[in-house]
Amino acid sequence: MIESDVRYQIDRSLEATGWILEAGQENKNVFFEESVKFRLSANSIQKLGQKRPDYTLFDGASPIAIVEAKKASVSDLGDALKQASDYAERIGVDFVFACNGLTVKSLHVSSGLPLYLNGIEVTEFPDLQLLQKFRANRSNQLFTVPKKVLKSRTELIRLFAELNDDLRAEGLRAGIERFSEFANILFLKLLSEKGEDEIWQQLLRLREQDILLYLNKVAMEQLRENYGGEVITGTAIRNPKTLKRIVLTLNALQLSDIDEDIKGVAFEHFIQKTTDTQNDLGEYFTPRHIIRFMVRLLDPQYGENVYDPFCGTGGFLTETFRHISHQCRLTIDALDTLNYKTVFGGEITTTARIAKMNMILFGDGHSGVNQQDSLRTNSEAKYNNVLSNIPFSQRITQEVLNLVGGTAQYVRHADEACVLKCFNSLKLGGSMAVVVPEGLLVNRQHKEFLRFLLRNSTIRMLIRLPRGCFAPYTDAKTGIIFLTDKGLGQTEWFYRVTIKNDGYDSKRQPIPGINDLDSTLFFFRESAIPLNTLPESLDVSVVSVQNLASKETFYLHTSWKLGSHKQYVKLEDVAILRNGTSITKATTMPGDIPVIAGGRGTVPYTHGEYNYSGRIFTISKSGAYSGYVWWHDDPIWASDCIVVRSKDESKYLTRYLYMCMALKQAELYERQQGTGQPHVYISLVRDFPIPVITIERQRRLLQEYEEAQEKLRKLNMEIRTGREKIDQALKSFYE
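Below is the structure:
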């Protein structure tokens, strides 16, 4: 995305939040580089000199904010914010923003801190009224609802827990049943905050004895007329006191100002205990920040349609609606396209109603959401994009597996069937980003299914999310499959990314600043070849696809991540690599020479001869610890392992080569191949990068290493001796 594309996107986003960019409009309040000189005072123009901000936003005659646009390849928006701050300080502007088309970062100029609205960092352009409130508050923090209501999403869940007790007393079953009942009332509250408050005001005014009749008769008819009969149902609450209490409790809150999917949080609470024990449908609430990341990564465009076959409460649908609506001028035709031709979803449970409610609250578009069993519903090649969080570990019948996968041998599991459903829903050339169990990305049992996706699309990225990312809802390890170009070719390489910082700490409190999700959006570009330089701050590597046509010899080769060191040589260029000579316990001779096979530092048996005299290292070839790097000073019999030694000790010390490989032990384990017994082969380590340094420096490093090892050995001995003395003293008390 070049800077002109970014500017177009910024224009649409500003228009979507009420800013006026059109020349000739009397109330125009956004001015570009050249035109701003006609709006600023002569004094301000003089202070700017030859410099001009990309965008200057005005409140009446006074500038209130500056926006700097950068092309998408600019990953560090910190410099852009500094540039904008320089302009701002010259002309007395309070707020600055920087955008690269993928994300928006803000800064409160006087404090030097990002803007926070209700405890959440601002990542979209605010409207003029909101900026006025920030300015009046004289802080980077603004709470538009009382702080006591908005301590955290935990506070919301605590409130829902109290109301859950009321619904339990009504005899409603835990989980979906209670949640659906609560969602009806919550929807009416949120509608009232949107301006449609007639029904809500009546519920507040009516006496307890009249409230049930009004809700089930008058209100239901009005809502069915406006939104159809599938959105809201009559209440199953029998006690009017319970209904009135829920209405009064919710009325005290201003929910639409909270940057949370309120119905999603409610869904999370009401369904959580059911999920903790047993959840046949595999429902997991997708956190808002993960949804936003995936929508921005996929980047669906105006004129394309988007489908979520497992849409739950509609989080992906509403965020997609918001994302696309910021790309176009909201004419009557554009609104018609957005509402009826853009966003579609399916959900097997009654939470489909909640997705419809979400779409109504976000601007309609609810007609595309249906309650259905998506695995049994025909959606073949209908959509440009799919965004979804598949239901994990479903129990589905062979009939459904056959329905989704036909006779395909690569679909053997429910998780695979759900991903295939998403894939098959794409049109030719379509793209998708789906949340999956991490096992689908890494377990060998899914190797053939992954090969199918690689053969029939361009996988751009496989992303591993941190454990706890979905907390407190589930502790399941998750990942994301992101692919494009369905049916137009096959994958030659892709990026593998491990997210360590998703922007939240272990207690799910936000961490300010750039996180790994931001960094992933910054660096990623669709391209024919991988980037030469990957961001050092991100755990990302390039994976090349080898022998894709062959089921037997297909494997994935991960490039080694290099640091800032300028020069490397391949291991095979400086070392001799040999496979060991296989030997079994039955064919050994008596002796005390260790036999080195698979395993991690274990010797299964000994032998009377050796085939290597020592001062070499081995890499285990088979088993769970294939890839384990092990140094040997003394003679060994190398069996099921790779033996490595330097070609020339005057240039590269074998011990130095060992230290380099031992440092990358975790990456070696990741290179294990095989669908059953894992293996590491010579072909997988030939290109291991060895930093080029002088032999003198190698010797110095080894000397420092050996000295440190000796200190550690002595410290461990002191610790053991000290523990023995303490144990002996304690033992004497009982003798």
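When we follow the numbering used here, the leftmost residue of the sequence shown carries the number 108, and every step to the right adds one. Cβ coordinates follow ideal geometry from the N, Cα and C atoms, glycine included.
Asked	Found
Comparing C-alpha positions only, which one of Phe145, His739, Ser111 sits nearest to Lys177?	Ser111
Which residues in the same chain as Leu655 place their Cβ atom closer than 8 angstroms to its Cβ, once the five residues preceding and following it in sequence are excluded?	Arg558, Leu561, Arg562, Gln597, Thr598, Phe661
Which one of Met401, Gly721, Asp747 has the shortest CA to CA distance from Ser689?	Asp747
To the nearest angstrom, how far is the alpha carbon of Val751 from that of Gln653?	24 angstroms
So, does the CB of Ile127 fall closer than 9 angstroms to a CB anywhere in chain D?	The structure shown contains no chain D; it is built from a single protein chain.
Could you compute how far the alpha carbon of Ile723 sits from the alpha carbon of Val541?	46 angstroms
Rounded to the nearest angstrom, what separates Ser500 and Ala521 at their Cα positions?	6 angstroms
If you draw a straight line from the C-alpha of Gln640 to the C-alpha of Leu355, how long is it?	The amino acid occupying residue 640 in the given sequence is Thr; Gln does not appear at that position. Each residue's alpha carbon lies about 57 angstroms from the other.
Report yes or no: do the region 134-148 and the region 199-209 share at least 3 C-beta pairs separated by less than 8 angstroms?	no
Assess contact between the region 285-297 and the region 459-467, defined as three or more Cβ pairs (one per stretch) separated by less than 8 angstroms. Is contact present?	yes
Could you pull out every unbroken beta strand (DSSP E) segment of at least 3 residues lying fully inside the region 400-485, listed in chain order?	413-415, 450-454, 476-478
Spatial neighbours of Val650 within its chain, please: CB distance less than 8 angstroms, with the 5 preceding and 5 following residues excluded, ordered by chain position.	Leu569, Trp600, Phe601, Tyr602, Arg603, Leu663, His664, Thr665, Ser666
Who pairs with Met539 in a beta bridge, going by DSSP?	Val493, Leu590
So, under 8 angstroms CB-CB, Pro416 and Ser481 are touching, yes? Tell me the CB distance rounded to an integer number of Å.	4 angstroms
Just to confirm my understanding: we take Lys351, look at its own chain, exclude 5 residues before and 5 after, and list those with CB closer than 7 angstroms. What are they?	Glu315, Ile318
Can you tell me where the beta strand (DSSP E) with Lys677 in it begins and where it stops?	675-677
Excluding sequence positions up to five away, which residues of its chain have a Cβ less than 7 angstroms from the Cβ of Leu155?	Tyr194, Arg197, Ile198
May I ask you to report which of helix, strand or coil DSSP gives Phe630?	helix
Please report the distance separating the alpha-carbon of Lys258 from that of Ala773.	Caution is warranted here: a pLDDT of 43 is assigned to Lys258, below 50, making its placement in the model unreliable, and no coordinate value can be reported.
Please state whether the Cβ-Cβ distance between Trp738 and Arg707 is less than 9 angstroms.	no
Give the secondary structure of Arg242 by DSSP, where H, G and I count as helix, E and B as strand, and everything else as coil.	helix
Under a three-way DSSP split, which group does Trp737 fall into?	strand
Sorted by chain position, which residues of the same chain lie with C-beta nearer than 6 angstroms to Leu809's C-beta, five sequence neighbours on each side aside?	Arg762
Compute the Euclidean distance between the alpha carbons of Glu843 and Thr591, then round it to the nearest angstrom.	There is simply no residue 843 to check, as the chain begins at 108 and stops at 842 in what is shown.
Please go through the same chain and pick out, in chain order, the residues whose beta-carbon is closer than 6 angstroms to the beta-carbon of Pro785, but skip the five residues on each side of it.	Ser733, Gln779
Mark Pro697 as exposed unless 16 or more other C-beta atoms lie within 10 angstroms of its C-beta, in which case mark it buried.	exposed
At which residues does the beta strand (DSSP E) containing Trp600 begin and terminate?	600-605
Helix, strand or coil, according to DSSP, for Phe165 in the structure here?	strand
What are the boundary residues of the beta strand (DSSP E) that includes Phe204?	202-206
Comparing alpha-carbon positions, which option in Leu535, Met539, Val526 lies nearest Phe556?	Val526
Determine the direct distance from the alpha carbon of Phe630 to that of Lys189, and round the result to whole angstroms.	21 angstroms
Verify whether the separation of the beta carbon atoms of Ile703 and Gly721 is less than 9 angstroms.	no
What's the gap between the Cα of Leu797 and the Cα of Thr725?	The residue you asked about is not Leu; residue 797 is Ile in the sequence shown. The straight-line gap from Cα to Cα measures roughly 17 angstroms.
Look at the alpha carbon of Leu684 and the alpha carbon of Ile789, and state the distance between them as a whole number of angstroms.	7 angstroms
Do you know how far the Cα of Leu128 is from the Cα of Met401?	29 angstroms
Does the Cβ-Cβ distance between Lys448 and Asn412 come in under 9 angstroms?	yes
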